[in-house]
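So the sequences go chain by chain: A and B. Going by my numbering, the first sequence wraps up at 145, each residue one higher than the last. Going by my numbering, the second sequence wraps up at 116, each residue one higher than the last.
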Amino acid sequence: KNQVEQSPQSLIILEGKNCTLQCNYTVSPFSNLRWYKQDTGRGPVSLTIMTFSENTKSNGRYTATLDADTKQSSLHITASQLSDSASYICVVQAGTALIFGKGTTLSVSS
Amino acid sequence: DAEITQSPRHKITETGRQVTLACHQTWNHNNMFWYRQDLGHGLRLIHYSYGVHDTNKGEVSDGYSVSRSNTEDLPLTLESAASSQTSVYFCASSDLVNEQFFGPGTRLTVL
Chain A
36 KNQVEQSPQS LIILEGKNCT LQCNYTVSPF SNLRWYKQDT GRGPVSLTIM
86 TFSENTKSNG RYTATLDADT KQSSLHITAS QLSDSASYIC VVQAGTALIF
136 GKGTTLSVSS
Chain B
6 DAEITQSPRH KITETGRQVT LACHQTWNHN NMFWYRQDLG HGLRLIHYSY
56 GVHDTNKGEV SDGYSVSRSN TEDLPLTLES AASSQTSVYF CASSDLVNEQ
106 FFGPGTRLTV L
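Rendered as structure tokens:
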């Protein structure tokens, strides 16, 4: 069964600190892996999309990594800001289907 | 700027009523999708369309229907609303590259 598991479920960090969110997947056939940011009360917004051959992709302070051998991805946030408080969703495309993780809720406090 | 909009943003209805949620995109994307988002679940696909007059069922399609008469719109209809359909509904669209752009969501409460 295609599955995307994210950890931790929630995370609280101090402003300015770094953090790393994890995504493990068992999906076949693998097409690409995406990270979305979802602010409270809004729709998800794409941060990165990585194909099988890409192992790192950055978008400002967000850096995603992909290890296709171990079927793991991480999203690293550098120098966190209050505006980073959101839910981060890992999504894996399997053929034409998107498999969504349940998300990690990040709270950045001052 | 191109965008994707949903209306209404909030809706309260009663069990058994028919409800239609609107989704309009100006990206000129062929692909459009409807999802629901509930606590404890990831986004779940309800219906999707790859072009005008094309519609397909997703994993949680029971009780929902869609129709695609033009490129810009994909309305979602709940034929007879049930309390289990209380949720936040997101519409999305994508181009051939498949990056999906999501609307702001509609919060539906069925009493």
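Glycine residues also receive a C-beta, built at the ideal position from the N, C-alpha and C atoms.
{"query": "Please say whether Tyr-60 of chain A and Val-127 of chain A have beta carbons closer to each other than 8 Å?", "result": "yes"}
{"query": "What are the residues in the segment 72–84 of chain A lying within 8 Å of chain B by C-beta distance?", "result": "Gly-76, Arg-77, Gly-78, Pro-79, Val-80, Ser-81, Ile-84"}
{"query": "Run through the DSSP bridge pairs and tell me what Phe-135 of chain A is partnered with.", "result": "A:Val-126"}
{"query": "Counting C-beta neighbours from all protein chains within 10 Å, is the total for Val-115 of chain B 16 or more, i.e. buried, or is it exposed?", "result": "buried"}
{"query": "Taking 8 Å as the threshold, find out whether the segment 90–110 of chain B comes into contact with the segment 27–44 of chain B through three or more Cβ pairs.", "result": "yes"}
{"query": "Check whether the segment 98–114 of chain A and the segment 50–66 of chain B touch, using three or more Cβ-Cβ pairs below 8 Å as the test.", "result": "no"}
{"query": "One question on the structure: do Gln-23 of chain B and Leu-83 of chain B come within less than 8 Å of each other, judged by their Cβ atoms?", "result": "yes"}
{"query": "So which residues of chain B does Gly-138 of chain A contact, with C-beta pairs closer than 8 Å?", "result": "Gly-47"}
{"query": "Which full runs of the beta strand (DSSP E) of 3+ residues lie inside the segment 26–68 of chain B, going along the chain?", "result": "36–42, 49–56, 59–62"}
{"query": "Assuming Tyr-94 of chain B and Gly-110 of chain B are in contact, meaning their beta carbons sit under 8 Å apart, how far apart are those beta carbons, in whole angstroms?", "result": "7 Å"}
{"query": "Since Cys-96 of chain B and Gln-11 of chain B are thought to touch, with beta carbons under 8 Å apart, how far apart are those beta carbons, to the nearest angstrom?", "result": "5 Å"}
{"query": "Who are the Cβ neighbours of Gln-38 of chain A in its own chain at under 6 Å, not counting the five residues just before and after it?", "result": "Thr-61"}
{"query": "Look at the alpha carbon of Lys-92 of chain A and the alpha carbon of Thr-86 of chain A, and state the distance between them as a whole number of angstroms.", "result": "10 Å"}
{"query": "Measuring CB to CB, does Ser-85 of chain B end up less than 8 Å from Gly-21 of chain B?", "result": "yes"}
{"query": "From the DSSP output, read off the bridge partner residues of Val-5 of chain B.", "result": "Residue 5 of chain B cannot be examined here, being either before or after the span of chain B that is shown, 6 to 116."}
{"query": "Of the choices A:Lys-137, A:Arg-77, A:Leu-133, whose alpha-carbon is the least far from that of Leu-50 of chain B?", "result": "A:Leu-133"}
{"query": "Ignore the nearest five residues each way along the sequence and tell me which others in Thr-25 of chain B's own chain have a CB closer than 8 Å to its CB.", "result": "Pro-80, Leu-81, Thr-82, Leu-83"}
{"query": "By Cβ distance, which residues of its chain are closer than 7 Å to Ser-88 of chain B, with the 5 residues on each side in sequence left out?", "result": "Thr-20, Val-115"}
{"query": "If the cut is a Cβ gap below 7 Å, which residues of chain A does Pro-109 of chain B touch?", "result": "Arg-77, Gly-78"}
{"query": "Under 8 Å between C-beta atoms, does Glu-19 of chain B make it to chain A?", "result": "no"}
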